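Protein sequence lines, in the order shown, are assigned to chains A and B. With my numbering applied, the first sequence has no gaps in its numbers, which climb one by one up to 240 at the end. With my numbering applied, the second sequence has no gaps in its numbers, which climb one by one up to 478 at the end. Report on the structure given below.
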Amino acid sequence: MSFLECRAVSKSYDGKHALKGVTFEIKDGDLLSVVGPSGSGKTTLLRIIDGLEKADSGEVLLKGKTIFGEPFPHRKMIGMVFQNPVLFNTTVFNNIAYSLKFRGEEGETIKKRMDGMLRLLRLHDLRGRNALTLSGGEAQRVALARSLVYDPDLLLLDEPTANLDPYNVSIIEEVLQRSNRERGTTVIVVTHNIFQAKRLARKVAFLLEGELVEFGDSTAFFESPRDPRTLSFIRGEMVY
Amino acid sequence: MGGFEIIVEGFTRALQILFSGDQEILGITLLSLRVSLTATLLGAAFGIPLGFWVARKDFHGKSVVTAVINTLMGLPPVVVGLVVYLFLSSSGPLGFLRLLYTPEAMIIAQMILTFPIICGITISSILSLSPKLKDTLASLSAPHLWEARVLLNESKLGLITAIIAAFGAAISEVGAIMMVGGNLLGYTRALTTAIMLYTNMGEFATAIALGIILLLIAFSVNLFLTYLQMRSRVRRTT
Chain A
1 MSFLECRAVS KSYDGKHALK GVTFEIKDGD LLSVVGPSGS GKTTLLRIID
51 GLEKADSGEV LLKGKTIFGE PFPHRKMIGM VFQNPVLFNT TVFNNIAYSL
101 KFRGEEGETI KKRMDGMLRL LRLHDLRGRN ALTLSGGEAQ RVALARSLVY
151 DPDLLLLDEP TANLDPYNVS IIEEVLQRSN RERGTTVIVV THNIFQAKRL
201 ARKVAFLLEG ELVEFGDSTA FFESPRDPRT LSFIRGEMVY
Chain B
241 MGGFEIIVEG FTRALQILFS GDQEILGITL LSLRVSLTAT LLGAAFGIPL
291 GFWVARKDFH GKSVVTAVIN TLMGLPPVVV GLVVYLFLSS SGPLGFLRLL
341 YTPEAMIIAQ MILTFPIICG ITISSILSLS PKLKDTLASL SAPHLWEARV
391 LLNESKLGLI TAIIAAFGAA ISEVGAIMMV GGNLLGYTRA LTTAIMLYTN
441 MGEFATAIAL GIILLLIAFS VNLFLTYLQM RSRVRRTT
């Protein structure tokens, strides 16, 4: 059984198609990169998988069970990092610890997990700072920490390193790879940065105007794409 | 005596009252504070949860409900006083409670005034929060109580504004508490009703002095609330 399966997922806004019958599946522990130009439906796809939006048609199955769009039992196993994270008006520590408290954790468990997470994302020195005073890169690391701290089975990331400096990009990419490798977290990262996709992913999906043009192993995707539009995108010839 | 001389004498009298520890004035001042602060707290206890619920829940007629609450924010105190009077008078539906001409009746009347102010400002504060914040909470699987706690904390600035506005409306109104309190010396006489009484009696200097005390109290309470508000704002922007 596949870990996550999208079956003919379609979504439109005001008559404009955001996703057109997107179908693919990934296995437990995969690291998938969804690439494509702006407006190709990447964020919509992530929001549907996270249950924040409901597909007009088709379905998403997580471990064989349908995701409906309303809060569903599997949501607690999913972590989502938005492109521009919204942090809460409290300390860095609380911003991350809230995720554990939302799940009923307390005391020693929180302390233990927080120590590990603050160290992993190099946030120890910032733990007492108000999260609203952080730089973009620090804020994104906090957002990643609060989605990882409860050890999700599936981690979704929407352009997590857009506009970040190389230092923060390297920390985030390293943490993603470690979580995938050491914890077995299945990761789907949306990016329009083809080089990042190449560095990170084992599988790649290419979306164009809501259509899944190509899906496959990273090596095959980058070295011998089947669709000429994929080749054009990889070569940077696609104007968008 | 001209108007200006009366104001100057009022200031002098205010200073005398403040430093002499006049028991009668002290009692009137404490009653005003007790009534208005209790009414504001009760208005917040009902207004914040209802405002939060209206803002968060999608239901048929939400715009109408919000418009009604916004309209009630401008309730004339004298109308509130009249309605509460009719309910609490011996022939009214709540006459058996024997609350008319008591401080409790004054609190009820002022609570009816503060409640829509707090509720209305809470609605707009919650509605003005970023939709991304709500997405984030949903994505993190925040239970309802935690969601409420976080969203209310994020709207702290607006909620303090609501409490400042409600307390200001309560401490300065005279129509409602005059009708349901009766201005009884030593029992239901508040600063505003006393000012009216002394003005009618021609004791302008005492009325001015009480007015200055009223302003000082309002200023002190608002200074504290504004401090909380500013602290919240500075944290957000530094």
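Glycine included, each C-beta is placed from N, C-alpha and C at the ideal position. Bear in mind that the values here come from a model prediction, so they are computed numbers and not experimental data.
Are the C-beta of Ser365 (chain B) and some C-beta of chain A separated by less than 9 angstroms? For the purposes of this step, residue 365 (chain B) is identified with residue 125 of the second sequence, where counting begins at 1. The beta carbon of Ser365 (chain B) sits no closer than 9 angstroms to any beta carbon of chain A.
| field | Under 8 angstroms by beta carbon: chain B residues contacting Arg146 (chain A) | value | Residue numbering aside, residue 146 (chain A) sits at position 146 when the first sequence is read from its first letter. What Arg146 (chain A) touches in chain B: Leu380.
request  = Give the residues of chain A in contact with Asn393 (chain B), contact being defined as C-beta atoms less than 9 angstroms apart.
outcome  = Position 153 of the second sequence, counted from the first residue, corresponds to residue 393 (chain B). Going along chain A in sequence order, the residues near Asn393 (chain B) (Cβ under 9 angstroms) are Phe88, Asn89, Thr90.
* Minimum C-alpha distance to Ile257 (chain B) - residue among B:Gln350, B:Ile404, B:Leu450 -> Indexing the second sequence from 1 puts residue 257 (chain B) at position 17. The shortest Cα separation from Ile257 (chain B) among B:Gln350, B:Ile404, B:Leu450 belongs to B:Leu450.
Check: Ile67 (chain A) C-beta below 8 angstroms from any heavy atom of the ligand ADP | As for the ligand ADP, it is missing from this structure, which has no ligand bound.
Would the stretch 441–461 of chain B and the stretch 242–262 of chain B be scored as touching if the rule is three or more Cβ pairs under 8 angstroms?
-> The stretch 441–461 of chain B makes contact with the stretch 242–262 of chain B; the number of CB pairs closer than 8 angstroms reaches 3 or more.
Kindly indicate if chain E contains any beta-carbon less than 9 angstroms away from that of Pro85 (chain A).
-> The structure shown contains no chain E; its protein chains are A and B.
Contact between the stretch 353–361 of chain B and the stretch 298–314 of chain B (3+ Cβ pairs under 8 angstroms)
The stretch 353–361 of chain B vs the stretch 298–314 of chain B: in contact.
Exercise. With distances taken from CA atoms, which of A:Gly236, A:Leu212, A:Ser33 is nearest His17 (chain A)?
Worked result: Within the first sequence, the letter at position 17 stands for residue 17 (chain A). Nearest C-alpha to His17 (chain A): A:Leu212.
| Could you check where the alpha helix (DSSP H) with His300 (chain B) kicks off and where it finishes? | Here residue 300 (chain B) corresponds to residue number 60 of the second sequence, with the count starting at 1. Run containing His300 (chain B): none; DSSP gives neither H nor E here.
### Query
Of all the CB atoms in chain A, is at least one closer than 9 angstroms to the CB of Lys297 (chain B)?
For the purposes of this step, residue 297 (chain B) is taken as the residue at position 57 of the second sequence. Residue contact check for Lys297 (chain B) against chain A: no CB pair falls below 9 angstroms.
Requested in this report: In angstroms with no decimal places, state the Cα-to-Cα distance between Gly101 (chain A) and Ile110 (chain A).
Outcome: For the purposes of this step, residue 101 (chain A) is identified with residue 101 of the first sequence, where counting begins at 1. For the purposes of this step, residue 110 (chain A) is identified with residue 110 of the first sequence, where counting begins at 1. Reading the sequence as shown, one finds Lys at residue 101 (chain A) and not Gly. In a straight line, the C-alpha of Lys101 (chain A) is about 8 angstroms away from that of Ile110 (chain A).
Original post:
What residue does the beta strand (DSSP E) around His11 (chain A) start on, and which one ends it?
Top reply: Translated into positions along the first sequence, residue 11 (chain A) becomes position 11. It is worth fixing the name first, because residue 11 (chain A) is Lys in this sequence and not His. For Lys11 (chain A), the enclosing beta strand (DSSP E) has its first and last residue at 4–13.
For Leu144 (chain A) versus Leu121 (chain A), is the C-beta distance shorter than 9 angstroms?
Taking the first sequence and counting its residues from 1, the one referred to as residue 144 (chain A) is at position 144. Taking the first sequence and counting its residues from 1, the one referred to as residue 121 (chain A) is at position 121. Against a cut-off of 9 angstroms, the Cβ pair of Leu121 (chain A) and Leu144 (chain A) comes out as a contact.
| What three-state label does DSSP hand Met1 (chain A) in the structure shown? | If you number the first sequence from 1, residue 1 (chain A) lands on position 1. Looking at Met1 (chain A) - three-state DSSP - the assignment turns out to be coil, as it is neither helix nor strand.
Practice item. Whole angstroms is fine: what's the gap from Ala458 (chain B)'s alpha carbon to Gly408 (chain B)'s? Key: Within the second sequence, numbered from 1, the residue matching residue 458 (chain B) stands at position 218. Within the second sequence, numbered from 1, the residue matching residue 408 (chain B) stands at position 168. So the alpha carbons of these two residues sit roughly 7 angstroms apart.
Bounding residues of the alpha helix (DSSP H) (the contiguous stretch that carries Ser370 (chain B)): Taking the second sequence and counting its residues from 1, the one referred to as residue 370 (chain B) is at position 130. That residue, Ser370 (chain B), is in no alpha helix (DSSP H); it is neither H nor E in DSSP.
Q. If you count every other CB in all the chains shown that lies within 10 Å of the CB of Gly287 (chain B), and 16 or more means buried, which is it?
A. Counted from its first residue, the second sequence places residue 287 (chain B) at position 47. It is buried - the Cβ of Gly287 (chain B) has at least 16 other Cβ atoms within 10 Å.
With a Cβ-Cβ cutoff of 9 angstroms, do Gly210 (chain A) and Thr90 (chain A) count as a contact? In the first sequence, counting from the first residue as 1, residue 210 (chain A) sits at position 210. In the first sequence, counting from the first residue as 1, residue 90 (chain A) sits at position 90. Going by C-beta atoms, Gly210 (chain A) is not nearer than 9 angstroms to Thr90 (chain A).
Starting from His384 (chain B), trace the alpha helix (DSSP H) in both directions and tell me its first and last residue.
Residue mapping note: residue 384 (chain B) aligns to position 144 of the second sequence, counting from 1. Membership of His384 (chain B) in the alpha helix (DSSP H) is indicated by the continuous run 384–394.
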